[in-house]
Amino acid sequence: MVSCPPVLRSLLALGPACPDEEVRAALSPLLESWRRHPRHATVVLNGLAKERLPGMVAQVLDFMVESQVEVNVFHYNAAISACGKGGQWPLALHLFSNMPGSRVTPDAISFNAAISAGEKGYSSAISACEKGGRWQLALSLLSSMPEVQVIPNTITYNAAISACEKGGQWQLSLLLLSSMLDNTTNNNDNNNKNNRAIPSTVSLNAAISACSQGGQWQLAVSLLSSMPGMGVTPSTISYNAAISACEKAGQWQMGLGLLTRMPVMSVVSNCISYNAAISACEKGRQWQLALSLLSSMHIVRVIPNTISYNAVISACGKGGQWQLALNLLSSMPDMGVIPNEISLCAAISACGKEGQWQLALSLLSSMPDVRLIADAICYNAAISAFEKGEQWQLALSLLSSMPDIKLLADTFSYNAAISACEKGEQWQLALSLLSSMPDRRLIQDTISYNAAISACEKAGQWQLALSLLSSMHIVRVIPNTISYNAAMSACEKGGQWQLALSLLSRMPDVRVIADSISYSAAISACGKEGRWQLALSILGCMPDMIVLNDFILSAAINACAKGGQWQVALSLLSSMIDKTVMPSTVSYNAAISACDTETQWPLALGLLSSMTEMGVIANRISYSAAISACSKGGQWQLALSLLKSMPEMSLIPNEISYSGAISACAKAVQWQLALSLFFRTMPEMRVVRDEITYNAAISACGKVGQWQLALRLLSLMPEAKVFPNEITYSAAISSCKEWGQWQLALSVLSSMPDVKVMPDEISYIAAISACNVGGRWQLALSLLSSMFGMRVVADTISFNAALSACEKGGQWQLALSLLSSMPDMRAIPNEISYGAAVSACEKAGQWQLVLGLLSSMTAACLRTLLLRSCSFSATPGR
């Protein structure tokens with residue numbers, strides 16, 4: 007063994023950043039000796055290479071060239087190797103390229119060292135997030151070796167394959183491996199056996215890793231299985247790389263299969279093997295298997311690390327097992343595993359996905375206590391937790407606090423905050439966040455726009471929703487099915503059925519595939535506007551690729567219900583079984599609502615009772631719809647019975663349930679019961695009385711002459727922070743009308759604009775009728791005239807009320823004038839219209855006019871009957 011030369015000790019003492027002058031001073035006494043024996047310099051260069059001092063190696067080499075010391079291949083190899091080990095790949099390649107100029111022929115070792123240095127240089131570039139051309143340089147060096155009659159060996163190829171692997175060039179890695187195999191097959195000269203590039207475990211491992219990074223899991227597994235046939239024994243690294251390839255591709259079954267095969271193949275599994283398999287299960291949402299793998303690690307004496315726990319916590323989060331995720335996090339210190347930022351972030355995400363925003367906030371707040379600094383990913387997970395928990399204020403607060411702790415919010419942060427505003431019905435804030443993203447150099451993506459469109463949809467801002475959808479192309483954001491579905495739903499809520507259908511028809515032109523939600527939204531849009539025939543037409547024209555489901559059929563049933571087509575609604579419900587679609591609670595609720603008429607209450611009750619037989623759970627909406635049907639059918643006892651039975655079915659009645667029952671009592675003149683439900687039962691059941699229940703109670707009072715109580719209820723609404731609407735005022739006006747309180751009726755009507763409630767046609771009809779009862783025909787005509795000024799459509803009922811007032815006031819000429827003006831105002835006279843005019847003329851002794859009116863009345867009525875008959879015959883399915 008050669009002892010360390012004194013000069014090497016002197017150079018090492020100088021340190022890595024030594025000036026050239028000091029190196030020359032240390033080497034000058036040896037100049038003559040090195041000129042006679044250059045190999046002595048090789049010892050010094052090798053010593054410096056082992057100490058990873060590439061800069062000093064280059065200084066020594068420069069000294070030798072300047073001093074005319076013979077520089078040979080051994081000197082260069084030592085220098086290049088030192089540069090490679092020290093991470094100085096540019097210097098290594100520079101020295102290699104200088105060899106021919108120094109009349110030194112590179113050998114295999116020179117090439118191997120240079121290629122290896124190039125590979126390490128690429129690793130450094132990746133770490134700096136720069137994709138340089140290091141793999142190209144490695145291939146260039148490899149291809150130039152035959153030109154200088156140097157045969158690449160296994161190490162050379164391994165370095166090149168590894169360089170390509172790190173550069174993400176899986177195809178080139180396989181090409182190099184294939185080249186090695188071809189050379190092995192073609193070269194049968196035993197004398198050159200040592201020079202052949204025979205694939206080794208390292209070669210295959212690098213190629214498998216390259217396939218893994220390139221998402222080529224099938225190729226990775228294929229290479230692993232082919233190793234024994236090549237005479238190469240798979241190692242732990244081989245299996246780990248293949249399992250990792252399966253993990254990246256979500257092939258958890260194959261990943262587990264490889265892990266279980268390792269003991270059979272006498273390959274020892276380690277923590278990396280299990281971590282890759284656990285991550286594969288996490289990506290495949292197999293939280294039970296991930297937990298099982300973690301618990302089995304101790305059995306095979308593999309110690310789990312932080313990565314193991316993080317993957318299992320994430321798997322539990324994706325599986326909705328937030329409790330297990332927290333248990334794992336809390337158990338880590340007991341198992342000697344220290345949680346890191348990723349651990350806390352995974353736990354925050356697990357809690358957030360299940361709406362446990364308080365726990366997510368608590369975890370985020372606890373991070374400084376355990377000396378962990380929350381990063382942007384942790385904040386994003388917390389914002390997402392607030393979004394799912396409908397805590398838009400907290401989401402915005404957390405987003406705005408990120409710059410204070412020097413965290414940059416990204417597109418994900420803003421998307422989660424916009425979604426939080428959407429769920430909180432804060433559409434203005436959602437749009438503000440979306441518009442501010444470019445100012446913060448954040449790219450708006452499809453998710454950003456979808457959340458903003460949904461926010462506008464929930465707020466009924468269909469114009470803005472359409473504007474956002476159309477602007478996506480301008481900012482080069484591609485809309486998807488969700489974008490169009492949200493815009494269609496916005497049109498549905500805004501009563502814009504034509505626009506909803508236009509969007510549906512446009513989707514194929516922009517290469518967006520309509521799904522069941524798209525068709526459901528279009529059918530609902532038509533149904534809400536009474537276009538039940540069109541809704542059924544859409545249902546019948548759906549492409550075969552759309553699987554008929556409960557949502558679509560429920561939308562169609564609901565459309566028929568709103569169109570008063572209870573027979574068609576029930577037919578659709580009964581056909582669901584034939585279409586292998588199981589009716590749901592939503593389907594039955596829509597069908598029960600379709601039977602919400604005066605005569606079909608028995609069918610509504612039959613549907614409610616059949617839900618249990620079909621294994622469908624009736625909910626509060628089901629009972630409320632049945633109560634409403636009984637109310638319209640005058641079955642107040644049955645309505646009260648259904649209301650009473652709801653708690654027995656573990657259903658808590660709400661304001662809609664009580665409104666139906668109160669209305670049922672009101673129609674049956676059971677006003678005491680109605681008020682008892684309103685004043686006593688609802689507070690006892692902690693049901694908030696809203697405008698619907700107030701409307702029902704006011705109507706109940708009006709029907710039995712309790713107009714004072716009706717007005718009292720109206721006056722109590724502001725105190726209860728309940729805002730009256732048109733229906734409320736119309737009910738109060740009607741209660742005054744029934745008992746001749748026309749002055750109060752007019753007073754209530756005139757007060758409506760003061761509370762920003764504009765009278766509608768029902769309000770005016772009730773007021774005109776009140777004037778009619780009070781014999782105030784002048785006021786009745788004045789109110790009718792004022793409807794046009796208020797842009798309220800005067801319909802046949804409005805004119806009939808005014809005609810009746812003129813008839814009672816003996817104003818037969820005015821009655822005839824009103825009757826003759828009705829067609830011009832698009833109000834078709836009916837039997838009541840003619841009856842009032844006939845009565846007015848009859849009272850005035852105008853018998854000739856009476857006969858003329860009777861003749862006109864017969865013709866008009868026959869014409870109306872004929873039109874109804876034609877409409878009935880034109881109905882599809884008749």
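Take the position in the sequence shown, starting the count at 1, then add 6; the result is the number in my numbering. C-beta: ideal position from N, C-alpha, C; glycine also. Computed from a predicted structure; not experimentally measured.
Separation of residue j from residue i, as counted between CA atoms
| i | j | result |
| --- | --- | --- |
| L683 | C671 | 10 Å |
| A321 | N83 | 50 Å |
| V306 | M271 | 15 Å |
| K289 | Q259 | 11 Å |
| S724 | R782 | It should be noted that the sequence gives Pro, not Ser, for residue 724. Roughly 31 Å between the two C-alpha positions. |
| S826 | S845 | 16 Å |
| Y594 | S524 | 22 Å |
| N346 | W398 | 28 Å |
| E76 | K412 | 58 Å |
| S721 | W713 | 12 Å |
| W433 | V483 | 20 Å |
| L210 | W141 | 18 Å |
| C532 | Y770 | 30 Å |
| L614 | S705 | 28 Å |
| S146 | A166 | 10 Å |
| I838 | T487 | 52 Å |
| V71 | S87 | 19 Å |
| L404 | T312 | 27 Å |
| V63 | A19 | 14 Å |
| I161 | I249 | 25 Å |
| R42 | L36 | 10 Å |
| N281 | E253 | 10 Å |
| A317 | A391 | 19 Å |
| V798 | E767 | 6 Å |
| S862 | A821 | 15 Å |
| G53 | L14 | 7 Å |
| H304 | S298 | 11 Å |
| H81 | S179 | 31 Å |
| I803 | W363 | 55 Å |
| S581 | S560 | 12 Å |
| Q469 | S508 | 14 Å |
| A600 | F685 | 31 Å |
| L67 | A85 | 8 Å |
| L448 | S438 | 14 Å |
| E393 | C384 | 14 Å |
| L148 | Q450 | 45 Å |
| L143 | A528 | 59 Å |
| S489 | G546 | 24 Å |
| A520 | P409 | 41 Å |
Classification of residue i by the beta-carbon crowding that lies within 10 angstroms, buried from 16 upward
| i | result |
| --- | --- |
| Q854 | exposed |
| R517 | exposed |
| D830 | exposed |
| A23 | exposed |
| N701 | buried |
| L860 | exposed |
| Q643 | exposed |
| D602 | buried |
| K673 | buried |
| T734 | buried |
The ligand GDP heavy atom lying under 7 Å from the CB of residue i
| i | result |
| --- | --- |
| S206 | As far as ligands go, the structure on display features none, and thus does not contain the ligand GDP. |
Problem set entry | Three CB pairs or more closer than 8 Å across the region 230 to 245 and the region 266 to 285 | yes
Exercise. So does the region 344 to 361 actually touch the region 323 to 335, counting three or more Cβ pairs closer than 8 Å?
Worked result: yes
Problem set entry | Segment contact flag, the region 781 to 795 with the region 810 to 828, C-beta cutoff 8 Å, min 3 pairs | yes
Exercise. Looking at C-beta atoms only, is the number of pairs between the region 628 to 640 and the region 589 to 605 that lie closer than 8 Å three or more?
Worked result: Flag = yes, the region 628 to 640 and the region 589 to 605 touch.
For this session: Only counting runs of 4 or more residues, tell me where the alpha helix (DSSP H) segments fall wholly within the region 581 to 661, in order along the chain.
Result: 591 to 600, 607 to 619, 626 to 638 and 642 to 651
For this session: Give, in chain order, every unbroken run of the alpha helix (DSSP H) that is at least 4 residues long and sits entirely within the region 748 to 779.
Result: 748 to 757 and 767 to 779
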